[in-house]
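Enquirer: Here the sequence shown stands for residues 118 to 297, where the numbers follow the numbering used here. Heads up, the beta-carbon is just placed ideally off N, CA and C, and yes, glycines get one too.
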Amino acid sequence: DPKDVTLRVLRARVLIQRRDQGAALAELEAAKKLSPDDEKLLRAWGSYYLVSEEMPKAVEARKRLLAKHPEIPDAETIEREVYYLSRFPKLKEENKLKEFFDSAGAAKVQAQAQRWDEAAATLAKVLALVPDDPEHWTDLGVVQRKLGKKTEAAESFRKALSFDKNHTPQPGLLVGLSAT
Numbered sequence: 118d119p120k121d122v123t124l125r126v127l128r129a130r131v132l133i134q135r136r137d138q139g140a141a142l143a144e145l146e147a148a149k150k151l152s153p154d155d156e157k158l159l160r161a162w163g164s165y166y167l168v169s170e171e172m173p174k175a176v177e178a179r180k181r182l183l184a185k186h187p188e189i190p191d192a193e194t195i196e197r198e199v200y201y202l203s204r205f206p207k208l209k210e211e212n213k214l215k216e217f218f219d220s221a222g223a224a225k226v227q228a229q230a231q232r233w234d235e236a237a238a239t240l241a242k243v244l245a246l247v248p249d250d251p252e253h254w255t256d257l258g259v260v261q262r263k264l265g266k267k268t269e270a271a272e273s274f275r276k277a278l279s280f281d282k283n284h285t286p287q288p289g290l291l292v293g294l295s296a297t
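Shown next, in the form of structure tokens:
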């Protein structure tokens with residue numbers, strides 16, 4: 118049915134996955150005429166722009182989704198996407214995007230393997246690339262805590278919160294750190 122927004126969005130998602138951007142765009146535009154603020158449509162626009170590598174438009178699509186549907190269950194995840202997507206063009210322009218992803222991935226692997234010293238050093242590299250990243254400041258705080266560096270960990274958690282007042286580290290991370 119040409120007047121079914123859900124069907125048009127579903128078609129657009131399939132076309133996006135197939136990398137048929139022209140046909141996907143046509144479906145999204147048609148759905149937009151029917152219901153411009155539909156949650157699934159706004160999500161699909163974000164996906165379309167990501168696949169098209171139009172990061173500023175992907176950021177705007179995600180912001181619009183949050184503005185129109187602030188109570189969605191994955192709002193925090195979407196906010197993180199907006200944060201990173203807004204930084205990717207600069208990292209890409211500086212030829213540092215691969216370094217960011219490689220370092221962030223390596224830090225996660227190192228932390229999972231409990232190689233805390235390596236993880237701390239790698240997270241320092243990540244934060245040199247994106248110094249206002251609350252997620253990686255939190256990760257560094259966790260690693261520092263595992264290394265017994267409570268004062269440094271508390272400072273890292275404070276930095277994370279200074280960049281994002283709504284950022285919530287894992288429960289219990291701050292217990293016992295404020296007295297150091």
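Roughly how many angstroms lie between the CA atoms of residue 203 and residue 178, to the nearest whole one?
Expert: Walking along the sequence shown from the start, residue 203 turns up at place 86. Walking along the sequence shown from the start, residue 178 turns up at place 61. So the two alpha carbons sit approximately 12 Å from each other.
Enquirer: CB residue 165 to CB residue 143, shorter than 7 Å?
Expert: By 1-based counting over the sequence shown, the position of residue 165 is 48. By 1-based counting over the sequence shown, the position of residue 143 is 26. No, the Cβ-Cβ distance between residue 165 and residue 143 is not below 7 Å.
Enquirer: Measure the C-alpha to C-alpha separation of residue 199 and residue 193 and round it to an integer number of angstroms.
Expert: Locating residue 199 in the sequence shown gives position 82, counting from the first residue. Locating residue 193 in the sequence shown gives position 76, counting from the first residue. Computed Cα separation, rounded: 10 Å.
Enquirer: From 201, 275 and 185, pick the residue whose C-alpha is nearest to that of residue 167; which is it?
Expert: Your numbering for residue 167 matches position 50 in the sequence shown. Comparing Cα-Cα distances from residue 167 to each of 201, 275 and 185, the minimum goes to 201.
Enquirer: Under the criterion of a Cβ to heavy atom distance below 6 Å, does residue 252 qualify as lining the ligand ADP?
Expert: By its list of ligands, the structure shown contains no ligand whatsoever, and the ligand ADP lies outside what it can speak to.
Enquirer: Could you check if residue 218 is buried or exposed, using at least 16 other CB atoms within 10 Å of its CB as the buried criterion?
Expert: Taking the first residue of the sequence shown as position 1, residue 218 is located at position 101. So residue 218 ends up on the exposed side.
Enquirer: Terminal residues of the continuous alpha helix (DSSP H) containing residue 154?
Expert: Walking along the sequence shown from the start, residue 154 turns up at place 37. Note, residue 154: premise wrong, no alpha helix (DSSP H); not H, not E.
Enquirer: Just reading off the alpha helix (DSSP H) that residue 220 is part of, what are its end residues?
Expert: Looking up residue 220 in the sequence shown gives position 103. Residue 220 -> alpha helix (DSSP H) spans 214-229.
Enquirer: So is residue 279 buried or exposed if we call it buried at 16+ other beta carbons inside 10 Å?
Expert: Within the sequence shown, numbered from 1, the residue matching residue 279 stands at position 162. Exposed, since its Cβ has fewer than 16 Cβ neighbours within 10 Å.
Enquirer: Take residue 120 and list the residues in its own chain whose beta-carbon comes closer than 7 Å to its own, dropping the five residues that flank it on each side.
Expert: Taking the first residue of the sequence shown as position 1, residue 120 is located at position 3. Answer for residue 120: 151, listed in chain order.
Enquirer: Could you spell out the range, first to last residue, of the alpha helix (DSSP H) harbouring residue 173?
Expert: What you label residue 173 is simply residue 56 of the sequence shown in a count that begins at 1. Taken as a continuous stretch (DSSP letters only), the alpha helix (DSSP H) holding residue 173 covers 172-185.
Enquirer: Tell me the rounded alpha-carbon separation between residue 212 and residue 186.
Expert: Taking the first residue of the sequence shown as 1, we reach residue 212 at position 95. Taking the first residue of the sequence shown as 1, we reach residue 186 at position 69. Whole-angstrom Cα-Cα distance: 35 Å.
Enquirer: Please return the same chain residues whose Cβ sits closer than 7 Å to the Cβ of residue 281, not counting the five positions on each side in sequence.
Expert: Here the question's residue 281 lines up with position 164 in the sequence shown. Closer than 7 Å at Cβ, skipping near neighbours: 251.
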